[in-house]
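Throughout the sequence shown, residue numbering follows my numbering, covering 1077 to 1449 in sequence.
Don't be surprised by glycine CBs; every beta carbon is placed ideally from N, CA and C.
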Amino acid sequence: MDTSSMRRAGGRARRLLRDPVTWTEWIQIVKTVVAAVVAWMLAVQVFDLPQPFLAPWSALLVVHATVYRSFSRGAKQVGATVVGVLLAWATGDLLGLDAAALAVMLLAGLVIGNLRWLREESTTVGATALVVLTTGFSDQDHILVGRLLDTSIGVAVGLVVNVLVWPPLRDVTAARAIDAIDDRIGNLLQQIGREGDESCTADQVEAWIERSQEIDVAIDEAWALVRQAHESGWYNPRRHTSRNPGDSRDFPDLLDRMEQAVAEIRSMARTLGQSISLTNEWDDEFRGRWLALVGEAGEAIANPDSERVAAVRRELSALANDFSTENLPGLYWTEYGGLILNLRNVVTSMDRVAASQPVTPRGRHDKSPLLGG
């Protein structure tokens, strides 16, 4: 590896070490391992339970990305396990252990698991019943009680570890996702500004549309992260003690604006595509000024500068005023007016997004890499 490659690799490593999202993910992994090991040790060494496999298994499942989800899934998991153990006991007592009994039990377990309250644990009822019945414990009442106890131990340990050991706040993860989307919107606009001249082809237009659809997918993923960020503050003790209160109330408005901008860009691309297919000849001055504004808007969004975004909006008004006095065919004005309106809507939507860059949760001031994500 040459010196420049080593320098780049070192730079990436340093960025990862300073990245709060990376730290949060690694802390969650370590917490999950610790919870599983502690649950197993308690079940074996303190409660002296035989074959306490459900204790570490339950702990693994309970350490979730948010404290609230740990509580909600923990309660559902305990309920599903109790139902599974009782189902195995009933099957063993009434039907014994054979292929028919196994089929009846699994069918019942999966049906119960799909009830509304247990749907997130849809296979836990059947899986627990399967393990208990096939290991021969269904007719041993004290071992059935042990299965319930080791499950409860695992859930309790998972909850305690997730609540007390750096409970995650997910607002930084959501902010990072939003930050990346506006860069992609700006880059797409710059691409259209470069490629939208008289040599533009239908294939290039289709590529712009595909990129806009990819950004839509990224926005959908960001919405999920914003919901998770909101949820991460529920029951979270860090919400009251951290200088970062997990306040992501502004994020939905920013995502709404980005959705609007992407829809306008896609409309813009389709207008250009129709013009190409109809071989319409454009006014050179309009094309040059409009494409320059598209590129300028892209730069102002990708390198957030709300003043430049506002300047583009003013220039668009000037463009419309200048050409409103021209003797242009009606068809041209339909296209020109649509393109001006699309770009004006883009910069209007992205003005506040640019002013919010870099996107940070309200109250975020501490530079420590361990402040959450």
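Straight-line spacing of the CA atoms in G1374 and L1264 works out to 7 Å. Counted as a single uninterrupted DSSP element, the stretch harbouring P1126 is not any alpha helix (DSSP H), since DSSP gives it neither H nor E.
If you draw a straight line from the Cα of A1376 to the Cα of V1338, it is about 16 Å long. By the C-beta criterion, the segment 1273–1293 is judged not to be in contact with the segment 1386–1400, since fewer than 3 inter-stretch pairs fall below 8 Å. Taking C-beta atoms under 8 Å as the contact rule, A1205 and I1257 fail to qualify, at a distance of about 45 Å.
When only Cα atoms are considered, D1332 and N1421 end up about 13 Å apart. By the neighbour-count definition (other C-beta atoms within 10 Å, threshold 16), G1168 is a buried residue. In this structure, DSSP gives G1234 a helical state, which the three-state scheme calls helix. Judged by DSSP secondary structure, G1189 falls within the alpha helix (DSSP H) whose first and last residues are 1175–1189. Counting other Cβ atoms within 10 Å of its Cβ, R1223 reaches 16 or more and is therefore classed as buried.
Per DSSP, reduced to three states, the secondary structure at W1102 is helical. Between the beta-carbon of A1135 and that of A1112 there is about 5 Å, and that keeps the pair under the 8 Å contact cut.
By the CB criterion at 8 Å, V1139 and Q1153 fall outside the cutoff.
Taken through DSSP and simplified to helix, strand or coil, G1172 comes out as coil.
When secondary structure is reduced to three states using DSSP, P1380 falls in the coil class, being assigned neither helix nor strand.
No Cβ-Cβ contact shorter than 8 Å links G1269 with V1109. Secondary structure note for T1211: it is in no alpha helix (DSSP H), with a DSSP letter that is neither H nor E.
Collapsing the DSSP output to three states places E1274 in coil. Shown here for I1416: same chain residues with a beta carbon closer than 8 Å to its own, the five before and five after excluded, namely W1366, L1392, L1395, A1396 in chain order. Judged by beta-carbon spacing, T1211 lies beyond the 8 Å limit of T1157, meaning their Cβ atoms are not closer than that value. Contact between M1334 and V1429 holds, with the beta-carbon distance rounding to 6 Å and staying under 8 Å.
Rounded to the nearest whole angstrom, the C-alpha separation of F1129 and R1252 is 38 Å. When the Cα atoms are used, D1296 and L1194 turn out to be separated by approximately 26 Å. Inclusion of S1432 and L1330 in the CB contact set at 8 Å is warranted, their separation being smaller than that value. For S1382, the closest alpha carbon among the candidates N1418, W1409, V1423 is that of V1423.
Taking C-beta atoms as the reference points, G1414 and T1347 count as a pair closer than 8 Å. As the crow flies, the alpha-carbon of N1379 is around 11 Å from that of D1255. Here DSSP, grouped into helix, strand and coil, assigns T1199 to coil. Within the same chain, and ignoring the five residues on either side of V1120 in sequence, the residues whose Cβ sits closer than 8 Å to its Cβ are P1128.
The beta-carbon distance between P1132 and W1116, rounded to whole angstroms, is 4 Å. This is short enough to meet the 8 Å contact definition.
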